[in-house]
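Residue numbers (our numbering), protein chains in the order written: chain D, 756 to 1050; chain Z, 756 to 1050.
What follows is the structure in structure tokens.
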């Protein structure tokens, strides 16, 4: 493993970073996290990610005992320790902390903070020229009353099981329905399909994590003149898609050209997808350059 | 924290036991576990617990690279290291292991094995004389197509959220329905209610973890002459319960005398419950004494 890891005030090389077995982030997966990446060495949309981290934590009654600038300082220290790299991948994890084996939150007075930093792996160029294959899997996205998908938590087995099903079918991402049979989201990204020139994505009410990049696409759409709309979608709607793409922090926007054994549109990334991708990248560069020059 | 912890071949005092941050048991909660306790220094129903651990692992395509006697040896080494105690609490965790941050199981060739041993905390006497209060909570048990409750996994947020809701209502255990509105199980135990002299428990088809103690109750029932039956139960059935109890490895059988604000039966542990509890204890002693004398 490359890079460095911050754990409760100490920074270690990735291979030496450890956490206590009694951390409830380990025994119960009880923790929340955010994934960020840098452009121009600046963590992109930092404020929005940390706002969402706080929101996830609130759902678990988990205190966030630091402010945004303090956390950013620790992230920057960890980036420094990780050594030379082009752009950074950053994963911030806040867990319930160490305590006796009980779900009573009084047993864990101090949350644990972990920051993983490593070189960001840019998506291979073919992902943008050829697009990827995704699979509609049988795994159902978590019921909002069981573990609400708006909580970005370490309980990622639902996502892992979906992704592993997609891998078995030769896919690079897994699309899931919710328990009502509506399309919800992918295992590590949000789903969009283009129909009649409009980019459609499942509504939050479908039970999904409101992706920071997903929300950003509404702004990008306005800038490049593409309507982006959240709607209720069903698997049968996939038949009428002219284009498809997914969004996530690390994958940015990845064009989707195959769904299971079907070819989408012409089989290459569609014009609306590419227009949005260009708009996304321009805006990401602009926003981070502005911050980099201020630093 | 008291006791000792085995981690991949090394045993450390509980407070010093650590696992790598890059272990997928930590970052994703991707792992399975079993909780055991000893009677007469012998892990009770060991074979059944380890059979279930293997079953959970199979659902995650997770290899179990040791046989039952080898694992038992490591457990005994850890009990030895934990020092003098009356009876032991044992938690065996098997995780996906250390690897790059991807759900692709090829990234994690070697699972991690963790064994937590500490003194077993006997349930307070009042639990058996007065019974406990449980709460029917709004948290819905995981959908079997999302993360199947038959997998005893480290993804315990569903259970934690249910239990934390019960704590807020003054309860000592949380009873959950499944997504169809049927009663399923409690956050850390199986649920039973007695009606007309018969002990009823939700069917496996409700989506629940088939508790080792739950299964054992069917045998105990036959020995003490109480019919134990698995059925489909709904919240309205709770109104007709003469008695209630819960079962788990660490709690054995705990009589339930209050459900939310309702008093169950006479408000003290009922006769069928106590008959089963005596039968359970007798059988647990007999089985472990037989094994202890052979060792």
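Note that CB positions come from ideal geometry on N, CA and C, so glycine has one too. Quick caveat: nothing in here was measured; it's all calculated off a predicted structure.
- Status (buried if at least 16 other CB within 10 Å, exposed otherwise) for residue 908/D: As a position in the first chain, residue 908/D is number 153, starting the count at 1. By the neighbour-count rule (16 or more Cβ atoms within 10 Å), residue 908/D is buried.
- Query: So residue 830/Z packs on residue 798/Z, CB below 8 Å; how close in whole Å?
  - Reply: Working through the second chain from its first residue, we reach residue 830/Z at position 75. Working through the second chain from its first residue, we reach residue 798/Z at position 43. Sure, about 6 Å apart at Cβ, within 8 Å.
- Query: By Cβ distance, which residues of its chain are closer than 8 Å to residue 779/D, with the 5 residues on each side in sequence left out?
  - Reply: Counted from its first residue, the first chain places residue 779/D at position 24. If we look at residue 779/D and ignore the five residues flanking it on each side, its Cβ neighbours are 785, 786, 850, 851, 852, 853, 854 and 863.
- Local Cβ density within 10 Å of residue 888/D, reported as buried at 16 or more and exposed below that: Taking the first chain and counting its residues from 1, the one referred to as residue 888/D is at position 133. Counting Cβ neighbours within 10 Å, residue 888/D comes out buried, since at least 16 surround it.
- Task: Measure from the alpha carbon of residue 905/Z to the alpha carbon of each residue in 962/Z, 858/Z and 929/Z, then state which is nearest.
- Result: Taking the second chain and counting its residues from 1, one reaches residue 905/Z at position 150. When each option's Cα is compared against that of residue 905/Z, the closest is 962/Z.
- Message: Which same chain residues end up closer than 8 Å to residue 984/D when comparing Cβ atoms and leaving out the 5 residues on each side of it in sequence?
- Response: By 1-based counting over the first chain, the position of residue 984/D is 229. Answer for residue 984/D: 953, 954, 955 and 956, listed in chain order.
- What is the rounded straight-line gap between the Cα of residue 807/D and the Cα of residue 943/D? By one-based count along the first chain, residue 807/D stands at place 52. By one-based count along the first chain, residue 943/D stands at place 188. Taking the straight line joining both Cα atoms gives about 16 Å.
- Which class does residue 965/Z belong to by DSSP, given the choice of helix, strand or coil? Position 210 of the second chain, counted from the start, is the residue given in the question as residue 965/Z. Looking at residue 965/Z - three-state DSSP - the assignment turns out to be coil, as it is neither helix nor strand.
- Task: Tell me whether the beta-carbon of residue 783/D lies closer than 8 Å to the beta-carbon of residue 919/Z.
- Result: Translated into positions along the first chain, residue 783/D becomes position 28. Translated into positions along the second chain, residue 919/Z becomes position 164. Cβ distance not < 8 Å, so residue 783/D and residue 919/Z don't count as in contact.
- Query: Which class does residue 856/Z belong to by DSSP, given the choice of helix, strand or coil?
  - Reply: Taking the second chain and counting its residues from 1, the one referred to as residue 856/Z is at position 101. In this structure, residue 856/Z counts as coil in the three-state DSSP scheme.
- List the residues of chain D that residue 769/Z touches, going by C-beta distances under 7 Å, in chain order. Translated into positions along the second chain, residue 769/Z becomes position 14. Within 7 Å Cβ-Cβ: 777.
- Task: Report yes if the C-beta of residue 812/Z is less than 7 Å from at least one heavy atom of the ligand PLP; otherwise report no.
- Result: Here there are no bound small molecules, and the ligand PLP is not part of this structure.
- Query: Do residue 1023/D and residue 886/D have their C-beta atoms closer together than 8 Å?
  - Reply: Numbered from 1 along the first chain, position 268 holds the residue referred to as residue 1023/D. Numbered from 1 along the first chain, position 131 holds the residue referred to as residue 886/D. In contact: residue 1023/D and residue 886/D (Cβ atoms closer than 8 Å).
- Query: By the criterion of Cβ-Cβ separation under 9 Å, what are the contact partners of residue 772/Z in chain D?
  - Reply: If you number the second chain from 1, residue 772/Z lands on position 17. Within 9 Å Cβ-Cβ: 775, 776 and 777.
- Message: Could you tell me the alpha carbon to alpha carbon distance between residue 967/D and residue 759/Z, rounded to whole angstroms?
- Response: As a working mapping, residue 967/D is identified with position 212 in the first chain. As a working mapping, residue 759/Z is identified with position 4 in the second chain. About 42 Å.
- Message: For residue 1049/D and residue 992/D, what's the separation of their Cα atoms in angstroms?
- Response: Looking up residue 1049/D in the first chain gives position 294. Looking up residue 992/D in the first chain gives position 237. Those two C-alpha atoms are separated by around 46 Å.
- Message: On the DSSP bridge list, what partners appear for residue 798/Z?
- Response: Stepping through the second chain from its first residue, residue 798/Z is reached at position 43. Answer is 793/Z.
- Mind pulling the alpha helix (DSSP H) runs of 4 or more residues that sit fully within the region 846 to 901 of chain D? 881 to 884
- Task: Taking the CB atoms as reference points, tell me whether residue 931/D and residue 998/D lie closer together than 8 Å.
- Result: To locate residue 931/D, count along the first chain from 1; it is residue 176. To locate residue 998/D, count along the first chain from 1; it is residue 243. Not in contact: residue 931/D and residue 998/D (Cβ atoms no closer than 8 Å).
- Hey, out of 903/D, 774/D, 788/D and 939/D, whose CA is closest to residue 805/D's CA? In the first chain, counting from the first residue as 1, residue 805/D sits at position 50. Out of 903/D, 774/D, 788/D and 939/D, 788/D has the C-alpha closest to the C-alpha of residue 805/D.
- Task: Would you please verify whether the beta carbon of residue 781/Z is less than 8 Å from any beta carbon of chain D?
- Result: Your numbering for residue 781/Z matches position 26 in the second chain. Yes, residue 781/Z counts as interfacial toward chain D.
- Among 1021/Z, 1009/Z and 869/Z, the one whose alpha carbon lies nearest that of residue 819/Z: Sequence index remark: in the second chain, residue 819/Z carries index 64 (1-based). When only C-alpha atoms are compared, the closest one is 869/Z.
- Beta-carbon neighbours of residue 765/D, restricted to chain Z and to distances below 8 Å: Position 10 of the first chain, counted from the start, is the residue given in the question as residue 765/D. Those within 8 Å of residue 765/D in chain Z number zero; the least Cβ separation is about 11 Å.
- Determine whether the Cβ of residue 898/D lies closer than 8 Å to any Cβ atom of chain C. Chain labels in this structure do not include chain C; the protein chains are D and Z.
- Message: Nearest by alpha-carbon distance to residue 986/Z: which of 1012/Z, 892/Z and 939/Z is it?
- Response: The residue labelled residue 986/Z in the question sits at position 231 within the second chain. Per the Cα distances, 939/Z.
- Item | Contact set between residue 915/Z and chain D, taken where Cβ atoms lie within less than 7 Å | Translated into the one-based positions of the second chain, residue 915/Z becomes position 160. Within 7 Å Cβ-Cβ: 783, 785 and 858.
- How would you write the range of the alpha helix (DSSP H) that residue 1033/D sits in, first residue to last? The residue you call residue 1033/D lines up with position 278 of the first chain. Residue 1033/D -> alpha helix (DSSP H) spans 1026 to 1049.
- What residues of chain D sit near residue 895/Z, judged by a beta carbon separation below 8 Å? For the purposes of this step, residue 895/Z is taken as the residue at position 140 of the second chain. Near residue 895/Z (Cβ distances below 8 Å), the residues of chain D are 898, 900 and 901.
- Can you tell me whether DSSP reads residue 773/Z as helix, strand or coil? As a position in the second chain, residue 773/Z is number 18, starting the count at 1. DSSP places residue 773/Z in strand when its eight states are reduced to three.
- Task: Give me the Cα-Cα distance between residue 933/Z and residue 816/Z, rounded to the nearest whole angstrom.
- Result: Here residue 933/Z refers to the residue found at position 178 when the second chain is read from its first residue. Here residue 816/Z refers to the residue found at position 61 when the second chain is read from its first residue. Answer to the nearest angstrom: the Cα atoms are 25 Å apart.
- Message: Judging by CA-CA distance, which residue of 935/D, 1041/D and 976/D is the nearest neighbour of residue 899/D?
- Response: Residue 899/D sits at position 144 when you count from the first residue of the first chain. Answer by Cα proximity: 935/D.
- Over the uninterrupted beta strand (DSSP E) stretch that includes residue 945/D, give me the two end residues. As a position in the first chain, residue 945/D is number 190, starting the count at 1. Its beta strand (DSSP E) spans residues 945 to 950.
- Query: Taking the alpha-carbon positions, what's the residue 775/Z to residue 1017/D distance?
  - Reply: Translated into the one-based positions of the second chain, residue 775/Z becomes position 20. Translated into the one-based positions of the first chain, residue 1017/D becomes position 262. Residue 775/Z and residue 1017/D: Cα-Cα distance of roughly 41 Å.
- Message: Just verifying my parser: in three-state terms, what is the DSSP assignment at residue 972/D?
- Response: By one-based count along the first chain, residue 972/D stands at place 217. Reduced to three states, the DSSP call for residue 972/D is helix.
- According to DSSP, which residues form a beta bridge with residue 929/Z? The residue you call residue 929/Z lines up with position 174 of the second chain. Bridge partners of residue 929/Z: 890/Z.
- Using beta-carbon positions only, say whether residue 1034/Z and residue 982/Z come within less than 8 Å of one another. Mapped onto the second chain, residue 1034/Z falls at position 279. Mapped onto the second chain, residue 982/Z falls at position 227. No, the pair does not count as a contact, with Cβ atoms beyond the cut-off.
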